[in-house]
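Below is one structure; the comments refer to it alone.
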Amino acid sequence: MAQRSDGYEIVSSAAINAACRKLLRKAVQLGKGKEFVRGARIIINKLQNEALTFGEPHFHLRHLELEIRIAIVSPLAICYGVHEKSRSVFIKEVKGLAGVGLDID
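Reminder that position 55 of the sequence shown reads as 1161 in my numbering, one-by-one numbering, no gaps.
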């Protein structure tokens, strides 16, 4: 995904990327495409620049040195891990919020 020389590298799997595309298609169908793009841009910016303060800590994987965090920027929710030493963010899950009609499962 995205990387900045002064921030965190964002790593996402093909499955996460496919889920994001599916959510975007659903958002466009619902007339919420602009809101989706706005939320996604905010999330990417926060992950690149403020990964350890964005959202809320969920749990810590001590042996992997990962802090797992969750955050919401309507219409999206994200769960991700931060590895501070390598300045990497690993996206675990991205979901749409049910209240705006983007709950897909």
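Each residue gets a CB set at the ideal place from its N, CA and C atoms; glycine is no exception. Treat the numbers as computed from the prediction; the structure is a model and nothing was measured.
Strand pairing of Gly1202, partner residues [DSSP]: On the sequence shown, position 96 is the one that residue 1202 refers to. Beta-bridge pairing links Gly1202 to Leu1182.
Glu1171 - containing beta strand (DSSP E), residue span: In the sequence shown, counting from the first residue as 1, residue 1171 sits at position 65. Premise fails: Glu1171 is in no beta strand (DSSP E) and is neither H nor E.
Closest by C-alpha distance to Tyr1114, when choosing among Phe1165, His1189 and Lys1198: On the sequence shown, position 8 is the one that residue 1114 refers to. Minimum Cα distance to Tyr1114 is reached at His1189.
One or two residues paired with Ser1118 in a DSSP bridge: One-based indexing of the sequence shown puts residue 1118 at position 12. Per DSSP, none; premise fails for Ser1118.
Touch test, the region 1198-1209 against the region 1171-1190, Cβ-Cβ under 8 Å, three pairs minimum: Result yes; three or more Cβ-Cβ pairs closer than 8 Å.
Reduced DSSP category for Leu1167 - H, G, I as helix; E, B as strand; rest coil: Within the sequence shown, the letter at position 61 stands for residue 1167. Residue state, collapsed to three classes: strand.
Outcome for Lys1140 when other beta-carbon atoms lying within 10 angstroms are tallied against a minimum of 16: Locating residue 1140 in the sequence shown gives position 34, where the first residue counts as 1. That one is exposed.
Extent of the continuous alpha helix (DSSP H) to which Lys1152 belongs: Residue 1152 sits at position 46 when you count from the first residue of the sequence shown. For Lys1152, the enclosing alpha helix (DSSP H) stretches over residues Gly1139 to Glu1156.
Phe1165 versus Lys1138 - alpha carbon distance: The residue given as residue 1165 occupies position 59 in the sequence shown. The residue given as residue 1138 occupies position 32 in the sequence shown. Going from the Cα of Phe1165 to the Cα of Lys1138 covers about 32 Å.
Exposure label - Ala1251; buried when at least 16 CB within 10 Å: Summary: the structure shown does not reach residue 1251, with the chain confined to residues 1107 through 1211, and so no result is reported for it.
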